[in-house]
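Take any residue in the sequence shown, count from 1 to its spot, add 88: that is its number in the working numbering. This report concerns only the one structure given below.
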Amino acid sequence: MIGRTNTLAIWIRYGARAGFVVALLAVIYLSVAPQTTSAFPDVSDKIQHAFAYFVLTMLGLLSFPQQKALAVLAVALIVLGCGLEGVQAMVPGRVPAGSDIVANTAGVLIGLLLAAIARRLLFSARACDKRLAQGAGK
């Protein structure tokens with residue numbers, strides 16, 4: 089059972105890493121490509137930005153679950169968002185916007201918050217299971 093759980097965790101991590109790379113490349117391309125019509129015209133541009141960076145954050149956290157990677161990932165994604173907005177100033181038909189940076193950052197922060205809540209619930213559940221198992225063994 090332990091070997092199967094570890095194998096599943098490894099597959100999830102590698103799948104998340106592949107998804108992270110694909111999502112990262114998509115965000116970079118969509119951020120610097122000349123502006124065309126939106127794929128989701130009925131959804132606010134800012135919600136699209138926040139959602140993209142939320143997905144990047146969640147995939148990044150699944151890919152690199154170590155605690156020390158959390159801050160590096162967050163800073164890297166926020167810097168990426170700022171940098172891509174700067175590059176848009178050089179792309180015909182694109183206009184950089186500070187509100188896009190705010191939306192990108194909000195997506196990262198929402199991802200971090202939800203991951204922290206999930207991690208806390210998971211560890212609380214594990215601690216509870218451990219206490220129950222110890223009590224049953226007496």
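Where a beta carbon is used, it is the ideal one built from N, C-alpha and C, also for glycine. The structure presented is a predicted model; accordingly, all values stated were derived computationally and were not measured.
Residue i to residue j, Cα distance in whole Å?
i	j	result
residue 89	residue 210	Unreliable positioning characterises residue 89 in this predicted model, as indicated by a pLDDT of 46, which lies under 50. A coordinate reading is not provided.
residue 191	residue 222	46 Å
residue 175	residue 110	20 Å
residue 112	residue 212	32 Å
residue 185	residue 97	39 Å
residue 193	residue 107	20 Å
In terms of alpha-carbon separation, which member of the options lies closest to residue i?
i	options	result
residue 114	139, 156, 187 and 96	139
residue 195	178, 181 and 142	142
residue 148	205, 200, 95 and 94	200
residue 116	171, 205 and 203	171
Whole-angstrom Cβ separation of residue i and residue j, contact assumed at under 8 Å?
i	j	result
residue 151	residue 105	4 Å
residue 165	residue 197	Contact flag wrong, Cβ pair sits at about 10 Å.
residue 122	residue 181	5 Å
residue 131	residue 179	Going by Cβ atoms, the distance from residue 131 to residue 179 rounds to 22 Å, so no, they are not a contact pair.
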